[in-house]
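S.K.:
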Amino acid sequence: MKNIFLGMICCLLLFCSCTATPTAYHVKGELKDSTFDGRTIYIVQRDNRAKIDSTRIEGNRFSFNGKIDTAVCCEVSISKNAYAFFILENGNITLDLYGHIFPQGSPMNEQISYINRTTDSLQNIFTIKLDSLIDAYFQGKGIEPPQNRNGEIPSEVLYEQLPAIAAQKNFVEDSICREIFSRHNNDALGQYLIMYSYIYPSDVDKQIEILNHIGPWLKSRKNIQKKIKTVKALKNTAVGQPYIDIKGRDINGNDIALSDFFGRGNYVLMDMWASWCIPCKQEIPNLAYLHDKYKDKGLTVVGIFVWDKEKNMKRAVEKEKISWPQIFDVQNNVRKNYGVEGIPHIILFAPDGTILKRNLRGKSMITDVEYILQNKR
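With mature numbering (1 follows the signal peptide of the UniProt record, and there is no 0) as the guide, the letters of the sequence shown map in order to residues -20 to -1, 1 to 357.
(1) Considering only C-alpha positions, which residue in the set 60, 64 and 37 is nearest to residue 26?
(2) Helix, strand or coil: how does DSSP classify residue 352 here?
(3) For residue 317 and residue 238, what's the separation of their Cα atoms in angstroms?
(4) So is residue 286 buried or exposed if we call it buried at 16+ other beta carbons inside 10 Å?
(5) Have a look at residue 348 and residue 105 and give me their C-alpha separation to the nearest angstrom.
(6) I need the DSSP call for residue 87, collapsed to helix, strand or coil.
(7) To the nearest angstrom, how far is it from the Cα of residue 200 to the Cα of residue 309?
(8) I need the DSSP call for residue -4, collapsed to helix, strand or coil.
(9) Quick one, are the C-beta atoms of residue 223 and residue 352 less than 8 Å apart?
(10) Just the C-alpha distance for residue 358 and residue 168, rounded to the nearest angstrom, thanks.
(11) Which class does residue 222 belong to by DSSP, given the choice of helix, strand or coil?
(12) State the CB to CB distance for the pair residue 211 and residue 188, rounded to an integer number of angstroms; the pair is presumed to be in contact (CB under 8 Å).
(13) Tell me the DSSP secondary structure of residue 24 in three-state form.
(14) Report the rounded CA-to-CA distance for residue 20 versus residue 60, giving the unit in angstroms.
(15) Compute the distance between the beta-carbons of residue 89 and residue 58, then report whether it is under 8 Å.
(16) Which residues share a DSSP beta bridge with residue 15?
(17) Using the Cα positions of residue 99 and residue 152, report the straight-line distance between them to the nearest angstrom.
(18) Classify residue 306: buried if its beta carbon has 16 or more other beta carbons within 10 angstroms, exposed otherwise.
(19) Using DSSP with H/G/I as helix, E/B as strand and the rest coil, what is residue 311?
(20) Quick one: what's got a C-beta closer than 8 Å to residue 17's C-beta in the same chain, skipping five residues either side?
(21) By the DSSP assignment, the alpha helix (DSSP H) with residue 260 in it spans what residues?
(22) Take the Cβ of residue 91 as the centre, count every other Cβ of all protein chains shown within 10 Å, and call the residue buried at 16 or more, exposed below.
(23) Please name the residue or residues paired with residue 280 in a DSSP beta bridge.
(24) Identify the residues that DSSP records as bridge partners of residue 71: which are they?
(25) Leaving out five residues before and five after residue 3 in sequence, what residues of the same chain have Cβ atoms less than 8 Å from its Cβ?
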C-alpha cells in the first residue's frame, strides 16, 4: 500500500501541461436528453454568485464563448443532479454535469480532475485495506465477518489499526495537494483547493500555516476571508479546548444555555441540526440510542437547533420523537464560535466542558462515545 501511495506522488511530479497561452474561453458540455432544451444555463462565480455568462441549451448541448482576465472558481448548474464545478480560464474546457468534479481541457481544470481522480483512488485503496483489517479481526476471533456492516468498525480496529492507514492516506493526499498549492497560492486553483478542503489536514495549526502563505489576490476573496475566520474559530474550539457557551431558547420559549449542562458530572454530546437537514435526521436514531442507554449513566445529549426558524424546532422535535433538551441558536453563533460549516456537527464534551471529540457521525460515533464513557477519558 505504501508503495502505491509513493508511486502516486512520483506521478504527480511528472504531471505538467505545456501549451500556448489562450486568449479566450470555450466551455462546453452535454446533457443526457432533451429535457432542458431551450433553457438558459449560466456560468456562476462561486464566491459572489455573480452570473458571468449565459447560453441556451440546444440538442442536449451547451457552449459558452468569451474572454476573462483573471481565472475564477465557477459552477454550471441546470438541476440538482446536473451541475459541475470548474475554473473559468481562457482555453477549451469540457464539463461533465453528472461527474460534477472532473472538468477537462485547460491547465487548471486538468489539475482539478487529476486531484479528484487521485483522491478517489486513495479512498478506494483505504476502503479495501480497512475491509481487510475488519475481516482479519473477525477471523482472528473465529467469527464469520458480517456481510452488511452498516458502517460499524470494531473498536480494536478503530482505535488501534485505523489511525495508521488513515494517516498514510492523508499524508499522500496532503503531499499531492500541497505541491500543487505551492504553485497556485494566489490564483483560482489555490482558491479551489482551500474552499473544497483538499489541503485541510485535521491539525488546525497546519490549516493556519497554509492560510498564512496565501497571496493578496486570494486573500481578497470573500469566501477565503470567511474561511480564515472559520479556521480561527476551529482553533479556539479544537480538541482539548474549553467549550464556548451557546445561549438561546428551549422548545417552550424559556432561556437556556449550553453551560447549564456542565458541572453536573455528565459528559455532554452536543448535536447541531436543523429540520430541513436530511443527514441530521439520519443521526437521530444513533443519538436516541446513546440517550436512552446512557442518560442515567453519565451522558447528556443536547440538541442545538441552527440555521432554521425557531417555530420549526418544536414541530421537528415532536415529529422525530426527540426526548433530549434543545437550544435554539438565537444569535446564530455556531459558525462564528465553533467554525461549523455544515451540519450535522456533533461534539463530545467532558464533564468540565473540555472538547473531547468533534464531527462525530454514525455508528463510529456510538463506538467513540461508548469507549470514552467506559474508560472515563
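No residue lacks a Cβ here, since even glycine has one placed at the ideal position from N, Cα and C.
Here the structure is a predicted model, which means the values were calculated and not measured.
M.R.: Taking the definition as stated:
(1) 64
(2) helix
(3) 13 Å
(4) Classified as buried, residue 286 has 16 or more neighbouring CB atoms from the shown chains inside 10 Å of its CB.
(5) Between residue 348 and residue 105, the C-alpha separation is close to 24 Å.
(6) Three-state DSSP puts residue 87 in a helix.
(7) 30 Å
(8) For residue -4, the predicted structure reports a pLDDT of 46, less than 50, and the residue's modelled location is therefore unreliable. The matter cannot be settled from this model.
(9) With respect to the 8 Å criterion, residue 223 and residue 352 are not classified as neighbours on the basis of their beta carbons.
(10) Only positions -20 to 357 of the chain appear in the structure, and residue 358 is not among them; the question remains open.
(11) strand
(12) 6 Å
(13) strand
(14) 15 Å
(15) no
(16) Bridge partners of residue 15: none, in fact.
(17) 9 Å
(18) Classification of residue 306: buried, given that the 10 Å Cβ count is 16 or more.
(19) coil
(20) 37, 38, 39 and 40
(21) 258 to 274
(22) buried
(23) 248
(24) Residue 71 is bridged to 5.
(25) 47 and 70
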